[in-house]
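**Student:** Structure in structure tokens, see below.
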Amino acid sequence: MSEALAYSVVVPSHNRRAVLREVLAALDAQQEAPEFEIVVVDDGSTDGSAEMLSGWSSGRSLRVLLGPQRGPAAARNRGVAAAHGLRIAFLGDDTVPEPGWLAAHDQAFRRHGGGDEIAVVGYTGWHARVRRTPFLDHLNERGLQFGYALIDRPDDVPFNFFYTSNVSLSRRRMSAEPFDEAFPYPAWEDIEAAWRLVRAGLRLVYEPAARTAHDHPTDFARFAARQERAGYCGVVFARLHPELAGFVGVGPGGPPDLPSRGAQRLREALVRALQNLPLQLPKLWDEALRFHYIRGLRRGWKELVIDKGDES
């Protein structure tokens, strides 16, 4: 395949056959897009995804890489290594691109000179199948999932908005700073790579017209479990980059103390009772989720630092 191919769309996937079909169909339906290929990395799926992919008839160039489950960081790295495009566009296997998605990424690159020092961050909203609530909208716009409403300088976006559910950048740049596969859960590994990329000269820009729809229903309980895993991975991040330990919540002596369990039980009871009502309770939601993040930090600190006798 020609090195002049503009984009490789890399999609790591694990056990999301139904929505992955929708992602592929949406990629086939891209409008006014530059030439691109699709690289799907099936990360040890057991739900028939491999069989579905082997029978997929695409109007685009589609390559499928199969292998045992190693996590999204390793899957993305494998996809990048196999890619032929000058740029990589990452999607999740549950983020369905709108028809103008890739064209919007490409137009953003062109507006900013087309050089490889730019990465384009798109917008990921909730899929129409997801029952939106104030809690979910808060997570997406101002909370702990994406926080797009907090972007105040679209032409110079902080590194922590490098979301691999919808981002594009130079393949050369990404190959030089691959995702660290030491993260045990899918949390912080994309932001950690972004920190290295930005230090090496990458600049992030935000293009809200590059839209995807996120088909990943969640609620407080599921997101709280996600935050505990994120806290654990925050310790991995802090060990890799001590200069950013405070950014991920690790102080000079380690993670903060866990807030009162009694107060947390009350907060969680309120959240569960009210989360589906049309009420805006951002402080309650954030404080309740912070408890779980700190619990993950403390578990990670114990297992990765204290138990290994490495508190330097």
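Adding 491 to a residue's 1-based position in the sequence shown gives its number in my numbering.
Using N, Cα and C, we set each Cβ at its ideal position, and we do this for glycine too.
The structure presented is a predicted model; accordingly, all values stated were derived computationally and were not measured.
(1) Buried or exposed for R763, going by 16 or more other Cβ atoms inside 10 Å?
(2) Identify, in the order they occur along the chain, each residue of the same chain with its Cβ nearer than 7 Å to the Cβ of P699, setting aside the five sequence neighbours on each side.
(3) Looking at E526 and A497, is the spacing between their C-beta atoms short of 9 Å?
(4) Between A715 and H783, which are expected to be in contact by the criterion C-beta below 8 Å, what is the C-beta distance as a whole number of angstroms?
(5) Would you check if the stretch 576-589 and the stretch 497-514 touch, i.e. whether three or more CB-CB distances between them fall below 8 Å?
(6) Using the C-alpha atoms, what's the distance from L761 back to R662?
(7) Threshold first: 4 residues or longer. Then list the alpha helix (DSSP H) segments lying entirely within the stretch 740-778, N to C.
(8) Spatial neighbours of A517 within its chain, please: C-beta separation below 6 Å, excluding the five flanking residues on both sides.
(9) Would you mind giving the Cβ-Cβ distance between V696 and F650, rounded to the nearest angstrom? I have them listed as a contact below 8 Å.
(10) Contact between the stretch 765-785 and the stretch 617-632 is defined here as three or more beta-carbon pairs at a separation below 8 Å; is this criterion met?
(11) How many whole angstroms separate the CB atoms of Y723 and P675, which I take to be in contact at a CB cut-off of 8 Å?
(12) With DSSP run on the structure shown, which of helix, strand or coil describes P699?
(13) For D647, does the count of other Cβ atoms within 10 angstroms reach 16, so buried, or fall short, so exposed?
(14) Starting from W686, trace the beta strand (DSSP E) both ways and give me its first and last residue.
(15) Let me check one thing: in DSSP terms, what residues is T615 bridge-paired to?
(16) Tell me the rounded alpha-carbon separation between R720 and R790.
(17) Quick check on this structure: which residue in R752, D801, E759, G740 has the alpha carbon closest to the alpha carbon of I785?
(18) So which of G616, W617, R601 has the shortest CA-CA distance to A610?
(19) DSSP three-state label for I642, please.
(20) Whole alpha helix (DSSP H) runs in the stretch 528-556 with 4 or more residues, listed along the chain?
**Tutor:** Judging by the given coordinates:
(1) Along the sequence shown, read from residue 1 onward, the residue named residue 763 stands at position 272. With fewer than 16 Cβ atoms within 10 Å of its Cβ, R763 is classed as exposed.
(2) Here residue 699 refers to the residue found at position 208 of the sequence shown. Closer than 7 Å at the Cβ level, and outside the excluded window around P699, lie Y614.
(3) In the sequence shown, the residue the question calls residue 497 occupies position 6. In the sequence shown, the residue the question calls residue 526 occupies position 35. Cβ atoms of A497 and E526: closer than 9 Å.
(4) Counting from 1 along the sequence shown, the entry for residue 715 is found at position 224. Counting from 1 along the sequence shown, the entry for residue 783 is found at position 292. The pair is a contact, with the Cβ atoms about 4 Å apart (cut-off 8 Å).
(5) yes
(6) Numbered from its first residue, the sequence shown carries residue 662 at position 171. Numbered from its first residue, the sequence shown carries residue 761 at position 270. Approximately 46 Å between the Cα atoms of the pair.
(7) DSSP runs (the alpha helix (DSSP H)) wholly in the stretch 740-778: 752-765.
(8) Reading the sequence shown from its first residue, position 26 is the one you call residue 517. These residues qualify, in order along the chain: V587, P588.
(9) Within the sequence shown, the letter at position 205 stands for residue 696. Within the sequence shown, the letter at position 159 stands for residue 650. Not really, about 12 Å apart at Cβ, beyond 8 Å.
(10) yes
(11) In the sequence shown, counting from the first residue as 1, residue 723 sits at position 232. In the sequence shown, counting from the first residue as 1, residue 675 sits at position 184. Correct: roughly 7 Å between the Cβ atoms.
(12) Against the sequence shown, residue 699 aligns to sequence position 208. Here P699 sits in strand by DSSP.
(13) Along the sequence shown, read from residue 1 onward, the residue named residue 647 stands at position 156. Burial call: exposed.
(14) Indexing the sequence shown from 1 puts residue 686 at position 195. From DSSP, W686 is part of no beta strand (DSSP E) but of the alpha helix (DSSP H) over 680-690.
(15) Looking up residue 615 in the sequence shown gives position 124. T703, per the DSSP bridge assignment.
(16) Stepping through the sequence shown from its first residue, residue 720 is reached at position 229. Stepping through the sequence shown from its first residue, residue 790 is reached at position 299. Going from the Cα of R720 to the Cα of R790 covers about 10 Å.
(17) Taking the first residue of the sequence shown as 1, we reach residue 785 at position 294. The shortest Cα separation from I785 among R752, D801, E759, G740 belongs to G740.
(18) Start at 1 with the first residue of the sequence shown, and residue 610 comes out as number 119. Out of G616, W617, R601, R601 has the C-alpha closest to the C-alpha of A610.
(19) Taking the sequence shown and counting its residues from 1, one reaches residue 642 at position 151. Looking at I642 - three-state DSSP - the assignment turns out to be coil, as it is neither helix nor strand.
(20) 540-545
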